[in-house]
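Encoded as structure tokens, the structure appears first; notes follow it.
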Amino acid sequence: MKERRDWASNSRKRPRPQPIGNLLSAILQKFFPALCFGGLFLFCTVACKAAPQAGGEKAFRVNIGTEPPTLDWSLATDHVSFNVIANLMVGLAEFDRDLKPSPVIAKSWEIHDGGRKIVFRLRDDVLWSDGQKVRAADFAYSWKRLLNPRTASEYAYILFDIVNAEAYNRGKLADESAVGVVARDEFTLEVRLRSPVSYFVPLTTFEVTYPQRRDIVEKYGPEWTQPAHIVTNGPFLLTSWKHDHKIELAPNPRFFLGRPALEKVEMFMIREKTTALSMYEQGRLDFIDNKSIPALEKPRAAKMAGHQLVPQLRGYYYGFVVDRKPFDDVRVRRAFSMALDKNVFGKILHGGERAASCWIPPGMLAHNPKIGLSFNPPEARRLLREAGYPDGRGFPPIALGFNGDEEDHRIVAEAAQGMWKKNLGVLVRLESQEWKVYLKKLQTDPPHLFRLGWGADYPDPDNFMKVFASFSGNNHTRWKNPRYDRLLDAAATEPNPERRARLYDEAQKVLCEQDLPIVPLFTTTETTVLSPRYTGLQYSAMSRLLLQRVRPKHSPPAAGRRP
Amino acid sequence: MHRFLAGRLAQALGVLWLVATLTFVLLRLVPGGPFDRERRLPPEVLANIAAKYRLDEPLPAQYLRYLSGLVRGDLGLSYRYVDRTVNAIVAETLPVSALLGGCAFLLALAVALLVGLFAGARPDTWADRLFLFVATLGISLPNFILGALLAWLFSLRLGWLPSGSWGAPADLVLPAITLGAAPAAYLSHLLRATLIENLGADFIRTARAKGLSEGAVLLKHALRNSLIPVLTVCGPLAAALVTGSFVVEYVFAVPGMGRFYISAVTDRDYPVIMGVTIVYTALLVLANLVVDLVYAVVDPRIKIADGPR
Chain A
1 MKERRDWASN
11 SRKRPRPQPI
21 GNLLSAILQK
31 FFPALCFGGL
41 FLFCTVACKA
51 APQAGGEKAF
61 RVNIGTEPPT
71 LDWSLATDHV
81 SFNVIANLMV
91 GLAEFDRDLK
101 PSPVIAKSWE
111 IHDGGRKIVF
121 RLRDDVLWSD
131 GQKVRAADFA
141 YSWKRLLNPR
151 TASEYAYILF
161 DIVNAEAYNR
171 GKLADESAVG
181 VVARDEFTLE
191 VRLRSPVSYF
201 VPLTTFEVTY
211 PQRRDIVEKY
221 GPEWTQPAHI
231 VTNGPFLLTS
241 WKHDHKIELA
251 PNPRFFLGRP
261 ALEKVEMFMI
271 REKTTALSMY
281 EQGRLDFIDN
291 KSIPALEKPR
301 AAKMAGHQLV
311 PQLRGYYYGF
321 VVDRKPFDDV
331 RVRRAFSMAL
341 DKNVFGKILH
351 GGERAASCWI
361 PPGMLAHNPK
371 IGLSFNPPEA
381 RRLLREAGYP
391 DGRGFPPIAL
401 GFNGDEEDHR
411 IVAEAAQGMW
421 KKNLGVLVRL
431 ESQEWKVYLK
441 KLQTDPPHLF
451 RLGWGADYPD
461 PDNFMKVFAS
471 FSGNNHTRWK
481 NPRYDRLLDA
491 AATEPNPERR
501 ARLYDEAQKV
511 LCEQDLPIVP
521 LFTTTETTVL
531 SPRYTGLQYS
541 AMSRLLLQRV
551 RPKHSPPAAG
561 RRP
Chain B
1001 MHRFLAGRLA
1011 QALGVLWLVA
1021 TLTFVLLRLV
1031 PGGPFDRERR
1041 LPPEVLANIA
1051 AKYRLDEPLP
1061 AQYLRYLSGL
1071 VRGDLGLSYR
1081 YVDRTVNAIV
1091 AETLPVSALL
1101 GGCAFLLALA
1111 VALLVGLFAG
1121 ARPDTWADRL
1131 FLFVATLGIS
1141 LPNFILGALL
1151 AWLFSLRLGW
1161 LPSGSWGAPA
1171 DLVLPAITLG
1181 AAPAAYLSHL
1191 LRATLIENLG
1201 ADFIRTARAK
1211 GLSEGAVLLK
1221 HALRNSLIPV
1231 LTVCGPLAAA
1241 LVTGSFVVEY
1251 VFAVPGMGRF
1261 YISAVTDRDY
1271 PVIMGVTIVY
1281 TALLVLANLV
1291 VDLVYAVVDP
1301 RIKIADGPR
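See below:
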């Protein structure tokens, strides 16, 4: 390679440009400015055109925030994906307003062998979008696909209570027919459990347990969820999926509960909350939630017509690492808990967050607000003095870890830091980290105090309480209590709800009063605003946006039956 | 010319290999893995996922697999968007970013030519000072603020232009202005300064002495010589613009490639990070090569030779 630069500008022997160079030279000299100005003119012309409205007139438009990572319910793990799937599919059961499972595709279920066998009787009038009937075999296939190690599903463990499910997922058992789920006939699904568990039926409300069509999945492979291939059984059909931009749904005329009233649904993927809020205010979105409302705008959103706060089954807590000073002393943990006025958080976050004393959230079986320690600064100071740190003197330097990707976590941490300083005389250092770095740190070297949250996959207390079991990979506190584990085991197998609730009460007393490895701070709430032109939208306690019954306010409800 | 091109292509391949290797190594050094979740996954589930993505292989084997995929043009499977390949993601998002970046680039060039010429021809006048002020503002105003301001004014208050939607030509306007504002200001500054310098040069005095009109002197002689520094920055600038901007795509919900520069890193989606890095590098190298070729065309004093004479 040679590159020679001849800077003799006055040379009489000007180098002859290459033939192609002549052409380019001519273009650059004569047309380049013209091209640029032409581009600017074109741009201005386009700019002067009126702004088109997103979507057609009849489309119901929502913002789902981001691109769903997948629409394959065996692989989905996030709320965005589940929000789309929940409008495309139905399963054996759904949870009702009391968060109890009620039948959808299942007509009924029977418990046999002391809870070790569950038989689901299916309706015979539920159709896939291609006209075929939904059969028990579709459930058996879907559940075994979820467990298949080659699927590599993150939620495979959710079915580990089924006989041989764990061994099959680990690859120790190759024969899928040995897994304890089988279609006894066209509309009878039989499930065998390795031990009786009360939460198994609630678990069938979770999207990962929805049925799948073997012929479709095997024919199209990873592409089976594309609009041209996917076959579903829910209220809406997937008609278009423009990645990172928009998903379009159309009503399913074969939906067994009746065709939804909406003619079209548009789900936009707008990450910037301010942009989404502007779109709603311009009438270009019909529904917004926390994904579209910046924290500072929540008070303004609260004044909008159609505003609603929806309590979520999601807890927010601070954990103590109990095998390290100073939190190896339960008195210090109690002092830190009693020094926090948890009502403050809802006021500073503006999102309607509810102060929590116990761990099981409101609305769920065994939620008991009488359990837990209340705000009591004098008692907190007494406990700290008793532990050897009068007015915080001699207290070792400690850090509170949290992920800094959301402003809310910093706001909460700073408020807690202020309360500990004021009520205990202890200065806690705040340590913010990027999410994945933070998670790695929690696994390897957690800070003295750390922030985390937990959201329910299905509305059963087992899903919440097992987080702090001694065998749980999610228990970063290093706290273990065999009594707590035994109480959870007993509650999981207890069929009577009242006795079950009492067992969870006992377990919660251990967790939130006696040993206190965590301080539950609050449960979260979703701020939602539905355009006054519509009615019938359901936003569930597990962040599911259900559009099946949405209709324009002045139109009659769509013809439909309840199961 | 051919030897020059061959040499530059060999250099480009070396740069691509180096960038690919560095990205691969650095990603493995960053704490936190792609499948670290708030709810920790059971070991058996993690083992299945590692087997699916071949993350259970030793690092050298993963590296060789990655390089061989790269040679075949296969950028692998996304860890986050589990149904999509990185090739599909790039194929869908790069044209969007390229369209937006191309518009922003043309807009920046057109504004720079207009304003640079105008201000450069009348240095130290009130118009020139006004231009300097606006250009400095354009350079120093971060695009997330400018984008939010434009969206608020033209979309929310006046309702003239959309923001947050994509598909119609009008959707391009606000993001393109936001993306092109800083380059336009920078290029205008550059063109103005070079033009002022050239207008005092001997060859301009000669041109004027020959009786050429001021317009001809400005456009045919001064402007042409002033384009060299502008072209120098145009290559990397064009590559940066057409591969997308995280902020602008985030603010205006543009379905482009720019958003992956940040989101793929926070997700530790290794194949996507490596894919977009390689595409960006390739475009940058290509743009620089094109600029080198255009030098010789615009300025006859610069010559690309095939070898020693």
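One line per chain: the protein sequences are A and B, in this order. Using this note's numbering, the first residue of the first sequence is number 1, and each one after it goes up by one. Using this note's numbering, the first residue of the second sequence is number 1001, and each one after it goes up by one. Yeah, the Cβ is synthetic: ideal placement off N, Cα and C, and Gly gets one too. Given the structure is predicted, the values throughout are model-derived calculations rather than measurements.
Once the 5 residues before and after residue i are set aside, which same chain residues still bring their CB inside 6 Å of it?
| i | result |
| --- | --- |
| G346/A | E353 |
| N368/A | C358 and D505 |
| R116/A | L193 and P196 |
| T70/A | A76 and S81 |
| C48/A | Model confidence at C48/A stands at a pLDDT of 45, short of 50, so the residue's coordinates are unreliable and nothing is read from them. |
| I360/A | A366, H367, P461 and F464 |
| D323/A | R478 |
If I measure Cβ to Cβ from residue i and keep anything under 8 Å in the same chain, skipping five residues before and after, which residues do I get?
| i | result |
| --- | --- |
| I1204/B | N1198, V1217, H1221 and A1222 |
| F200/A | I118, D161, V191 and L193 |
| A1168/B | P1162 |
| L442/A | G401, F450, L452 and H476 |
| L1027/B | R1268, Y1270, I1273 and M1274 |
Against chain B, does residue i count as a neighbour if the rule is that its beta carbon must be under 8 Å from one of theirs?
| i | result |
| --- | --- |
| F268/A | yes |
| K436/A | yes |
| S278/A | yes |
| S511/A | At residue 511/A the sequence reads Leu, which differs from the Ser that was named. It does not; no Cβ of chain B falls within 8 Å. |
| P52/A | With a pLDDT of 41 at P52/A, under the threshold of 50, the predicted position of this residue should be treated as unreliable, though the coordinate-derived value follows. Yes - at least one Cβ of chain B is within 8 Å of the one on P52/A. |
| T225/A | yes |
| P222/A | yes |
| Q508/A | no |
| L75/A | yes |
| D72/A | yes |
According to DSSP, residue i sits in a beta bridge with which residue or residues?
| i | result |
| --- | --- |
| A183/A | L189/A |
| R314/A | G455/A |
| S955/B | The question about residue 955/B has no answer, for chain B in this structure spans 1001 to 1309. |
| Y539/A | L545/A |
| M110/A | In the sequence under discussion, the amino acid at residue 110/A is Glu, which differs from the Met named in the question. BP columns for E110/A point to V119/A. |
| Y534/A | P552/A |
| W241/A | I247/A |
| T1085/B | L1077/B |
| V1242/B | V1242/B pairs with nothing; no bridge assigned. |
| L449/A | F320/A and L400/A |
| T523/A | G315/A and R354/A |
Is it right to say residue i is buried, meaning 16 or more other beta carbons lie within 10 angstroms of its own, or is it exposed?
| i | result |
| --- | --- |
| R271/A | buried |
| V1111/B | buried |
| H554/A | exposed |
| W143/A | buried |
Residue i versus chain B: which residues are under 9 Å apart at the beta carbon?
| i | result |
| --- | --- |
| Y157/A | L1041, P1042, E1044 and V1045 |
| D286/A | Chain B residues near D286/A: none, gap ~14 Å exceeds 9 Å. |
So residue i contacts chain B; which residues on that side make the cut at Cβ distance below 7 Å?
| i | result |
| --- | --- |
| G473/A | R1040 and P1042 |
| H245/A | W1166 and P1255 |
| E379/A | Within chain B, no residue comes near E379/A; the closest Cβ sits about 33 Å away, beyond 7 Å. |
| S69/A | In the sequence as displayed, the identity of residue 69/A is Pro instead of Ser. Within chain B, the residues near P69/A are R1080, Y1081 and V1082. |
Taking 8 Å as the threshold (beta carbon to beta carbon), is residue i in contact with chain A?
| i | result |
| --- | --- |
| D1074/B | no |
| V1251/B | yes |
| S1188/B | no |
| T1093/B | yes |
| T1243/B | no |
| R1122/B | no |
Would you say residue i touches the ligand NAP, meaning its beta carbon is less than 7 Å from a heavy atom?
| i | result |
| --- | --- |
| V179/A | Only the bare structure without any ligand can be found here, which leaves the ligand NAP out of the picture. |
By the criterion of Cβ-Cβ separation under 9 Å, what are the contact partners of residue i in chain A?
| i | result |
| --- | --- |
| K1052/B | P149, R150, T151 and A152 |
Run through chain B and tell me which residues come within less than 8 Å of residue i, C-beta to C-beta.
| i | result |
| --- | --- |
| N169/A | E1044, V1045 and N1048 |
| L452/A | E1038 |
Kindly list, in the order they appear in chain A, the residues whose Cβ is closer than 8 Å to that of residue i.
| i | result |
| --- | --- |
| P1031/B | K436, V437, K440 and K441 |
| L1156/B | S278, E281 and Q282 |
Can you name the residues of chain A whose CB is closer than 7 Å to the CB of residue i?
| i | result |
| --- | --- |
| A1148/B | T274 |
Note down, in chain order, each residue of its chain lying with its Cβ closer than 7 Å to the Cβ of residue i, except the 5 sequence neighbours on either side.
| i | result |
| --- | --- |
| Q53/A | Any reading at Q53/A is ruled out, since the residue's pLDDT is 45, under 50, leaving its predicted position unreliable. |
| E186/A | R135 and A136 |
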